[in-house]
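A quick write-up on the structure given underneath.
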Amino acid sequence: MTPEVALILGIDGLANGAVYLLAGLGLVLIFSVTRVVFVPFGDVAAFAALSLAAFEAGRAPATIGLVATLAALALAVEVVALVRRGETRRIPRAVLGWGVLPALPCLAAWAIAGRAVPALLQVAVAVALVVPIVPLVARVALQPIADASVLVLLIASLALHFLLSGLGLIFFGPEGTRTAPLVGGAITLGGFAVSGQVLLMVGASVALSALFFLAFERTVAGKALRATAVNRIGARLVGIRPARTALLAYVVATLLGGLIGVLVAPSTTMYYDSGFLIGLKAFVAAIIGGLVSYPLTAVAALLVGSVEAFSSFYASNFKEVIVFTLILPVLVLRSLAAPAVEEEKD
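In structure tokens form, the structure reads like this:
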């Protein structure tokens, strides 16, 4: 280990940590608002990367068919629920929300597929295309059991991962792809060249984290999310609907997942199931943060990224084991320090 090698590994760890930071924030947001440990979070990142790769290859992304399938399922579930409750007058609104709105990014993707459009537009449409995925699967599988225990929600979330992974294989196939760098060039740091893509990943992570903080502190929607995260019953008493805040949390987290996908796609070959490891490593950071603390999750994400980078140098065959082992002492300490409390009943 020389100073030059340590610098290279440190930069690599910082880049990895930036990705896990965004993913960890998304996981904490979903859990704090909905009590769902959203296992398929990384799948969204993989689908965004594959969508961008399809645009660059000049073809329509298979994500269009995936979103259309999920939208049809969600719309059917919503219409059946409205009919059972005798609220048929709300069916046109359901068609708009669960059918028309998810179709808009699909139409945009279809319109630019195979055309010479700016790379930034391809990135924007690739991210927008995956945004409906999590709200749609949540409407089908999670909203009907929203008041279940955390364990039941975790099992349902794990089942959703296998569902999305299977759908990803059907729609995208087993082939992996890598996209072109979003930015070129490099800067020299300590005699070592740092690529513009790495700088973009770190800069985007910092900027999005700052926007995340400002949105929670300054906007009405952010305050509603915080209120629901603190006390679901209290939020209901002041007129905040947990179902709507949950939908907002899913949308924001999915947006983060899509951005992660387009950021990591130029540096990693992405497959339909590549997002699983990203989600798991972000989950380690979220657990260290207690699934409630955003600043602690951010610090833990950088720690996870650094541990992964240095582990790949010292014991590359065991780097995943080393990263996931970080969760064990944290769980032990939290189990010893935290008092036993009963789960909140709504």
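Note that this note's numbering has the sequence shown beginning at 7, numbered continuously upward. Built from N, CA and C at the ideal position, the CB exists for glycine as well. Predicted model, so just to flag it, every value in this text is computed and none were measured.
- Closest residue to L58 among L72, D18 and A130 (Cα-Cα distance): If we check each option's Cα against that of L58, A130 comes out closest.
- Query: What's the C-alpha gap between D352 and V83?
  - Reply: Note that D352 scores 47 on pLDDT, short of 50, meaning its location in the model is unreliable; the coordinates nonetheless yield the value given after this. Cα to Cα, the separation comes out at about 23 Å.
- Query: Helix, strand or coil: which one does DSSP assign to I246?
  - Reply: coil
- Provide the residue(s) that pair with I193 in DSSP beta bridges, ordered along the chain. I193 is bridged to V200.
- First and last residue of the uninterrupted alpha helix (DSSP H) at R99: Per DSSP, R99 belongs to the alpha helix (DSSP H) from I97 to V101.
- G174 to D279, Cα distance in whole Å? The straight-line gap from Cα to Cα measures roughly 7 Å.
- Task: Kindly indicate which three-state DSSP category K351 falls into: helix, strand or coil?
- Result: Low confidence applies here, because K351 scores a pLDDT of 48, under 50, leaving its location unreliable; read the following figure in that light. Here K351 sits in coil by DSSP.
- Message: Among G71, L15 and E10, whose alpha-carbon lies nearest the alpha-carbon of S322?
- Response: Taking the Cα of S322 as reference, the smallest distance to any Cα among G71, L15 and E10 is reached at L15.
- Query: Quick one, are the C-beta atoms of R19 and A315 less than 8 Å apart?
  - Reply: The question names Arg, but residue 19 is Gly in the sequence shown. Yes; because the gap between Cβ atoms is below 8 Å, this pair is in contact.
- Message: According to DSSP, is T183 part of a helix, a strand, or is it coil?
- Response: In the structure shown, T183 adopts extended strand secondary structure according to DSSP, grouped into three states.
- Query: Excluding the five sequence neighbours on either side, which residues of its own chain have a C-beta within less than 6 Å of the C-beta of V25, listed in chain order?
  - Reply: I266 and V270
- M276 - partner residues in DSSP beta bridges: T183
- Query: Do the region 290-297 and the region 243-256 make contact, defined as three or more Cβ pairs closer than 8 Å?
  - Reply: no
- Message: Rounding to the nearest angstrom, what Cα-Cα distance links F47 and G202 in this structure?
- Response: 26 Å
- Item | Limits of the alpha helix (DSSP H) - the one that P108 falls within | L107 to I118
- Message: If contacts are defined as beta-carbon pairs under 8 Å, then L142 and A80 qualify, I think. What distance do you get, rounded to the angstrom?
- Response: Indeed, because the Cβ distance is near 4 Å, the residues count as touching under 8 Å.
- Under the three-state reduction of DSSP, which class applies to T225: helix, strand or coil? coil
- Does DSSP classify N237 as helix, strand or coil? Coil at N237, not helix or strand.
- Where the alpha helix (DSSP H) through G32 begins and ends: P9 to T40
- Flag this pair as yes or no: are the beta carbons of A54 and V133 separated by less than 8 Å? yes
- Query: Hey, does G105 have any beta-carbon neighbour from chain C nearer than 8 Å?
  - Reply: No chain C is part of this structure, which consists of one protein chain only.
- Message: I'd like to know whether the C-beta atoms of L28 and S163 end up nearer to each other than 8 Å.
- Response: With contacts defined by Cβ atoms closer than 8 Å, L28 and S163 do not form a contacting pair.
- Query: Whose CA, out of A259, F330, F319 and F218, lies closest to the CA of V42?
  - Reply: A259
- Query: In its own chain, which residues sit with a C-beta less than 6 Å from the C-beta of E350, not counting the 5 before and 5 after it?
  - Reply: In this prediction, E350 has a pLDDT of 49, which is less than 50 and means its spatial position is unreliable; what the coordinates show is noted afterwards. Taken in chain order, the list of residues that qualify is empty.
- Of the choices V268, S317, T251 and V327, whose alpha-carbon is the least far from that of L286? V327
- Message: Can you check which of these residues, T75, G296 and E93, is closest to G105 by C-alpha distance?
- Response: T75
- Query: From this set, V11, V39, K325 and S155, which residue's C-alpha is nearest G240's C-alpha?
  - Reply: Closest in C-alpha terms to G240, from the list V11, V39, K325 and S155, comes V39.
- Do E62 and Q128 have their CB atoms nearer than 8 Å? yes
- Task: Indicate whether G23 and V310 have their beta-carbon atoms separated by less than 8 Å.
- Result: yes
- Query: DSSP three-state call for E326: helix, strand or coil?
  - Reply: Three-state DSSP puts E326 in a helix.
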